[in-house]
Amino acid sequence: MRANFQHIAPFLSTGDADNMLRIAESFGSFGTYADEGSNEGLGEQLPQRFDAAFHYITAGIDGSGNPDDPGTAIQRTNYFRETYAYGSDVQAAGIESFMEHPAIKQAAQQISGRNIIVPAIVYANILVPGQELAIHTDVPEFRGANRKELPQWLLVTMLHSGLFDQWRIPIVTCVSWFGAARGGAFTFYPDGPEATRESIPATHNSAILLDTDAVFHGVERVVEVQPDLPGIDRETRLHFLGQDQWQLRNGERALAGYGWPDLRYSISWKAYCFSDAAEEALWAEGSDNLTVEFILDRLEAALRERGVLDGARPEPTQFALMMVENFVRFPRAGSGSPADLPPP
Ligand SMILES: [Fe+2]
């Protein structure tokens, strides 16, 4: 079944769209999106998103193989992110009206089929030339199971297993693009991982709304303006210098300079979606919460039913690898060629 999504262009008024660029400028500098903390006893030796990372390193962005060595893969995908608003905590002045934008909320109602839309977060991503984003699904949330308590790969596995749907909090994501970057199309599998990959250009002042927790998606490579990708690591920051100019720095050391048109800048908005007040209350009050023991037992039982596991439960790292391998079905190489969507 084709996923529900809306491609909106133009998205905001001309002035509001330009203001999104000004907000990034006043933010001043962007850090890389590093891994969050580890989770003891739950495959803590593995990266939080090893599900997507391991697949990318072998399969690349389109499933046909990755010519990069793993070291380059990290630079290529270690993009820049800052949070503009998280609940009532507003980090970027001027983002409040975007967070509560009636048209976005209305579209989210249509996508989710739910009436109550509670905006949760607005964050900005910047990819520099040569960067891309591995195919993945976003980190979902369930009653009692979110990224504060559980590793991200486990939450992703829970969603793809379909075993915890009754506890899931549906989240709709709006990804919007601003600026003049070349390349960096949003690429996704609206008909499922076995079907054709489609792409939407990251055109200034356009947006897509969809369930990114369920639909595999990524970002195609931003057009390179210099032959080598700079040595981006966790300490690297992207600083705004004024007059459309940005600079990539490790501490005091400049790595590269870019103009606004070189950078792919997107803003993501995410909202929880509830059918009614009772469903929202169930989430807010924390009743009917999942426990980690219940989650692992249920996944383990499903692995045994599939004949994948017998004997004792493996040690945590092995168990984590087994769960991701068996429940997360990535798009395969050859599952269709990229097709561009017609304009909306
Ligand atoms: Fe995503």
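Take 1047 as the starting number for the sequence shown in my numbering and just add one per residue. C-beta: ideal position from N, C-alpha, C; glycine also. Quick caveat: nothing in here was measured; it's all calculated off a predicted structure.
Gly1305 is a Cβ neighbour of Asp1290, given a cutoff of 7 Å.
Straight-line spacing of the CA atoms in Trp1213 and Leu1205 works out to 10 Å. Under the three-state reduction of DSSP output, Glu1298 falls in the coil class, being neither helix nor strand. Close CB contacts of Val1136 within its chain, under the 7 Å cut and outside five residues either way in sequence, are with Glu1142 (chain order). Ala1300 counts as exposed, since fewer than 16 other C-beta atoms from the protein chains shown sit within 10 angstroms of its C-beta.
Here Pro1175 is buried: its Cβ has 16 or more other Cβ atoms, across all protein chains shown, within 10 Å. With a threshold of 16 other beta carbon atoms within 10 Å, Pro1148 falls short and is exposed. Taken atom to atom, the span from the alpha-carbon of Leu1067 to that of Gly1074 is near 11 Å. Taking the Cα of Val1269 as reference, the smallest distance to any Cα among Ala1227, Ala1241 and Pro1239 is reached at Ala1227.
Within the DSSP bridge table, the entry for Lys1316 names Ile1167 and Thr1219 as partners. If you keep only unbroken beta strand (DSSP E) runs of at least 3 residues inside the segment 1169-1200, you get 1179-1182. In terms of CA proximity to Glu1187, Trp1199 leads the group Ala1180, Leu1179, Trp1199 and Gln1177. Restricted to the segment 1218-1303, the beta strand (DSSP E) segments that are unbroken, complete and at least 3 residues in length are 1232-1234, 1244-1246, 1252-1256, 1263-1265, 1282-1288 and 1291-1296, listed in chain order. A contact is defined here as three or more CB-CB pairs under 8 Å, and the segment 1243-1251 fails this definition with respect to the segment 1327-1339. Per DSSP, Ala1049 is not a residue of any beta strand (DSSP E), being assigned neither H nor E.
Following the DSSP letters along the chain, one finds Ser1134 in no alpha helix (DSSP H), marked with neither H nor E. When secondary structure is reduced to three states using DSSP, Ser1072 falls in the helix class. Setting aside the 5 residues that flank it on each side, Ile1163 is surrounded in the same chain by Lys1151, Ala1154, Gln1155, Ala1317 and Cys1319, each with a C-beta closer than 7 Å to its C-beta; the list follows chain order. Contact annotation: Ile1120 and Asn1112 have beta-carbon atoms that are not nearer than 7 Å. The Cβ-Cβ distance between Asp1259 and Ile1217 falls below 7 Å. Sixteen is the threshold: since fewer than 16 other Cβ atoms of the shown chains lie within 10 Å of the Cβ of Ser1321, the residue is exposed.
Residue environment: Met1047 is assigned as exposed (fewer than 16 neighbouring CB atoms within 10 Å of its CB, all protein chains considered). Within 10 angstroms of the beta-carbon of Arg1350 lie fewer than 16 other beta-carbons, which makes it exposed.
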